[in-house]
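Engineer: Residue numbers (the working numbering): 1 to 452.
Virtual Cβ for every residue (Gly too), placed ideally from N, Cα, C.
Given below as structure tokens:
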């Protein structure tokens, strides 16, 4: 996979070629989500609303919402409920408050049963109203000497005192009259201050008059995440992880994908490209190893990151390609009688192209095929061969692997005279006529150090 931006066609190719594997991964994710739902029992959430009359700023509403969910309010609610199976610290995590439009504080409580969630939210709302009234000084614990009634009484007494002094004051300029008028001004100043305090007290009293807007509604459905949501989330999460894993693996894949890069890695010349029908050979279908069976079960026995195979071209066009490669060999190595065809072991597409090339070449030059393991490449020593021809499929090997393969050919005394790159195509829908089929010739296959 190149460094280009991942396109939707790549995602579609993963979904199409790995649909069985992705389906299994999604089922596993759904089972994990179901298991998580068993570990976390369902929870129910109820909400009670408290109306705050008067004019409130946004920061004041936020402060009140913090007070509603504070430990001072929740602990009082816990004492009133008397639940012994739930600690105070746990109740604090189950209660939340949020300020909304219209001077409303919404108090939400979560419990393992609907009735408990309703009771908890109602009790917290009541305790919040009581606590706020106590703070504002309108509750039972307020100081009677500083309340609104005491201030009004002080205003009335001051008014009466002013009236008495006004009647007794001497309008002259004597010392007594000046002192009386000075005392009168002081009392008027005190009256004005008392009136200001009374106005502030009225505003505070109005704000403290919070109202619980009815009992909380009993929840009828569990709060999210529900069991179904966990199952769906597990399936989607595992599916996304599988797709991302495919993309990451493809980006880290260093296999060469163009014929020019393959020829450059082998240090030779590209003689041509051919097509091979992509089908399961009989010997591969008989492979029953544990890894092969698991790969077929999961649908990962075929690669997804190679281009979509093209449709099988006409048989005549295929024969022309192979014949041109043979002609290039004769022109490049005139008089050569034998060539060694090197195919990486496990490369079924390359093996099919090598078999067809042997059939088309005939006896001039005579081709002998060897399959070489890539992990520890070993090519037979040169006897009568005039060079080595490497045949492999596109996108199957890395630069390092091809360099090791070229080094193994050099160790065996063979010069890599050319490279043939094979690509998979869709097999023909109908069986080709017998006269157009490639003749079946025995191919000498060699393992490391000898013939098979």
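Output needed for residue 121: all residues of its chain with C-beta closer than 7 Å, excluding positions within five of it in sequence on either side, in chain order.
Structural biologist: Cβ within range, chain order: 46, 47, 48, 107, 108, 109, 216.
Engineer: Do residue 267 and residue 416 have their C-beta atoms closer together than 9 Å?
Structural biologist: Closer than 9 Å, so yes.
Engineer: Just list the residues that DSSP pairs residue 276 with in beta bridges.
Structural biologist: The partner list for residue 276 (beta bridge, DSSP) reads 424.
Engineer: Three or more C-beta pairs under 8 Å: does that hold for the region 251-263 against the region 78-93?
Structural biologist: Too few Cβ pairs lie closer than 8 Å, so no.
Engineer: Quick check on this structure: which residue in 191, 189, 127, 425 has the alpha carbon closest to the alpha carbon of residue 315?
Structural biologist: The residue with the shortest Cα to Cα distance from residue 315 is 425.
Engineer: What three-state label does DSSP hand residue 342 in the structure shown?
Structural biologist: In this structure, residue 342 counts as strand in the three-state DSSP scheme.
Engineer: Among 17, 117, 377, which one has its Cα closest to the Cα of residue 223?
Structural biologist: Answer by Cα proximity: 117.
Engineer: Name the DSSP beta bridge partners of residue 106, please?
Structural biologist: Paired residue(s): 49, 98.
Engineer: Nearest to residue 228 by CA position, among 361, 181, 34, 401, is which residue?
Structural biologist: Nearest of 361, 181, 34, 401 to residue 228, Cα basis: 34.
Engineer: Any contact of the region 29-44 with the region 227-242, i.e. 3+ C-beta pairs under 8 Å?
Structural biologist: As far as the Cβ criterion goes, the region 29-44 touches the region 227-242, which means the pair count is three or higher.
Engineer: Kindly list the residues whose CB is nearer than 7 Å to the CB of residue 381, restricted to its own chain and excluding five residues on each side of it in sequence; keep chain order.
Structural biologist: Once the five neighbours on either side are set aside, the close Cβ partners of residue 381 are 412, 413.
Engineer: Hey, would you say residue 338 sits closer than 9 Å to residue 367, going by beta carbons?
Structural biologist: For residue 338 and residue 367, yes; Cβs fall inside 9 Å.
Engineer: Do the region 368-376 and the region 331-346 touch if we need at least three Cβ pairs shorter than 8 Å?
Structural biologist: A contact exists between the region 368-376 and the region 331-346.
Engineer: Please look up how many angstroms separate the CB atoms of residue 325 and residue 357, rounded, as I've assumed it's under 8 Å.
Structural biologist: Contact holds; Cβ gap of about 7 Å.
Engineer: Is the number of C-beta pairs between the region 90-105 and the region 51-62 that are closer than 8 Å three or more?
Structural biologist: The region 90-105, when compared against the region 51-62, does touch it at the 8 Å Cβ threshold.
Engineer: Using 9 Å as the threshold, is the C-beta distance between residue 273 and residue 390 below it?
Structural biologist: Not a contact, by the Cβ cut-off of 9 Å.
Engineer: Can you check DSSP and say which residues form a bridge with residue 322?
Structural biologist: BP columns for residue 322 are empty, so no partner.
Engineer: Closer than 8 Å by C-beta to residue 384: which residues in its own chain qualify, once you throw out the five before and the five after it? Chain order, please.
Structural biologist: Excluding residues within five positions, the ones whose Cβ falls inside 8 Å are 337, 338.
Engineer: Any chance you could list the alpha helix (DSSP H) runs of at least 4 consecutive residues sitting entirely within the region 326-398, in chain order?
Structural biologist: Qualifying alpha helix (DSSP H) stretches, in chain order: 348-361.
Engineer: So, for residue 213: in the same chain, excluding its five sequence neighbours on each side, which residues have a beta-carbon less than 8 Å away from its beta-carbon?
Structural biologist: For residue 213, where only same-chain residues beyond five positions count, the Cβ hits under 8 Å are 48, 49, 50, 51, 104.
Engineer: Out of curiosity, what's the CA-to-CA distance linking residue 219 and residue 226?
Structural biologist: Whole-angstrom Cα-Cα distance: 14 Å.
Engineer: With residue 37 as the anchor, note down where its alpha helix (DSSP H) starts and where it stops.
Structural biologist: From DSSP, the alpha helix (DSSP H) with residue 37 extends over 19-39.
Engineer: Helix or strand or just coil, what does DSSP make of residue 54?
Structural biologist: Of the three classes helix, strand and coil, the one that applies to residue 54 here is coil, per DSSP.
Engineer: Nearest CA to the CA of residue 270: which residue from 15, 236, 332, 89?
Structural biologist: If we check each option's Cα against that of residue 270, 332 comes out closest.
Engineer: Residues in its own chain within less than 8 Å of residue 191 by CB, not counting five upstream and five downstream?
Structural biologist: The residues are 155, 158, 159, 162.
Engineer: Just curious, the alpha helix (DSSP H) that residue 259 is in, first and last residue?
Structural biologist: First-last of the alpha helix (DSSP H) with residue 259: 259-266.
Engineer: For the ligand GTP, is there any heavy atom lying closer than 8 Å to the beta carbon of residue 386?
Structural biologist: In the structure shown, the ligand GTP is absent, as is every other ligand, since no ligand is present at all.
Engineer: Taking C-alpha atoms, which residue in 97, 354, 39 lies nearest to residue 472?
Structural biologist: Examination of residue 472 is not possible in this model, given that the chain is present from 1 through 452 alone.
Engineer: Report yes if the C-beta distance between residue 59 and residue 71 is below 9 Å; otherwise report no.
Structural biologist: Not a contact, by the Cβ cut-off of 9 Å.
Engineer: With residue 246 as the anchor, note down where its alpha helix (DSSP H) starts and where it stops.
Structural biologist: Segment 227-252, the alpha helix (DSSP H) holding residue 246.
Engineer: Nearest CA to the CA of residue 275: which residue from 129, 239, 188, 317?
Structural biologist: Out of 129, 239, 188, 317, 317 has the C-alpha closest to the C-alpha of residue 275.
Engineer: Quickly, what does DSSP pair residue 255 with across the bridge? List them, please.
Structural biologist: DSSP lists 398 as partners of residue 255.
Engineer: Can you tell me whether residue 14 is buried or exposed, with buried defined as 16 or more other CB within 10 angstroms of its CB?
Structural biologist: With 16 or more other Cβ atoms within 10 Å, it is buried.
Engineer: Specify, as a first and last residue, the run of the alpha helix (DSSP H) that residue 73 falls within.
Structural biologist: Start and end: 71-81.
Engineer: With residue 23 and residue 242 assumed to form a contact (beta carbons below 8 Å), what rounded beta-carbon distance in angstroms separates them?
Structural biologist: 10 Å between Cβ atoms; not a contact.
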